[in-house]
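Encoded as structure tokens, the structure appears first; notes follow it.
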Amino acid sequence: MNWLTQTLGSSIGKKLLMALTGFCFVGFLTVHLAGNLTAYMGSEAFNAYSEHLHSLGPLITLAEWGLLTLALVHVLTGTVLFYQNVSARPVRYKVSKRAGGRTIGSATMPYTGFFVLAFVIFHLMNFHFVDKTGTTIFQIVSHAFGNPVYIGIYITAMIIVAVHISHGFWSAFQTLGANHPKYTPFIMGFGIAVSVIFGIGFGFLPIYITLIA
Ligand code: HEM
154 MNWLTQTLGS SIGKKLLMAL TGFCFVGFLT VHLAGNLTAY MGSEAFNAYS EHLHSLGPLI
214 TLAEWGLLTL ALVHVLTGTV LFYQNVSARP VRYKVSKRAG GRTIGSATMP YTGFFVLAFV
274 IFHLMNFHFV DKTGTTIFQI VSHAFGNPVY IGIYITAMII VAVHISHGFW SAFQTLGANH
334 PKYTPFIMGF GIAVSVIFGI GFGFLPIYIT LIA
């Protein structure tokens, strides 16, 4: 037990937690995107997918509590790491010079992270915590995307989610020790491919749903 508290109390232990929970989110987003892609086949396919999901009953409730726990661990650990980084460097540099190899993704991780958290809360208020009696999930989604402001928010959010993952994916592999001149470029490229697929796959949905609704 002592090693567990020691590991989690250390910086590397916290980064490990970030990496493992981050991988779980990539898994969740892959399943979520696969499900959402049924919308490209029309409203019936999308509603059938949603009904099938809800028919799983307690399994879905279990998955939701699991997701909430992962989110709490990821966000709280990330917040602690962020404040530790800030307080380790109390005096701001006069010239904001980028360290070699820094990307937009790596430099903005905490900010894109907080934005994604705000988006997920907004998203759940839109589609999850709504009265679903006498309507279908496709009607709820297409009604929301009937508002151009929502389309704008969702597309912006999908770009930010993609930027967050583009660095997080590679960084998680580094934390787990997968750092090798032979494999690192492949992992980086794969991370970018995954984030582009998420960005385009999710990001084009609001436009498509508005066009077919
Ligand atoms: C255009 C993009 C997206 C659309 C149209 C969409 C649509 C939906 C819908 C219809 C639900 C199910 C609501 C329900 O039946 O209760 C849902 C749930 C959810 N979505 Fe999304 N989603 C999108 C992107 C995202 C992204 C990028 C994330 C995360 C960063 C996300 C996170 C979630 C979560 C956490 C849930 C709750 C899962 C559950 O309770 O089982 N979604 N989404």
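The number in this note's numbering is simply the position in the sequence shown, starting from 1, with 153 added.
Note that the Cβ used here is the ideal one computed from N, Cα and C, for glycine as well.
query                                                                          : result
Proximity test, F235 beta-carbon vs the ligand HEM heavy atom, cut-off 8 Å     : no
Residue range of the alpha helix (DSSP H) that includes A331                   : A331 -> no alpha helix (DSSP H), and no H or E assigned at all.
Reduced DSSP category for T256 - H, G, I as helix; E, B as strand; rest coil   : coil
Which of helix, strand or coil DSSP assigns to S163                            : coil
DSSP state of H281 mapped onto helix, strand, coil                             : coil
Per-residue DSSP class, three states only, for L220                            : helix
Nearest-angstrom Cβ-Cβ length linking I308 and F199, presumed shorter than 8 Å : I308 to F199, Cβ: 19 Å. No contact.
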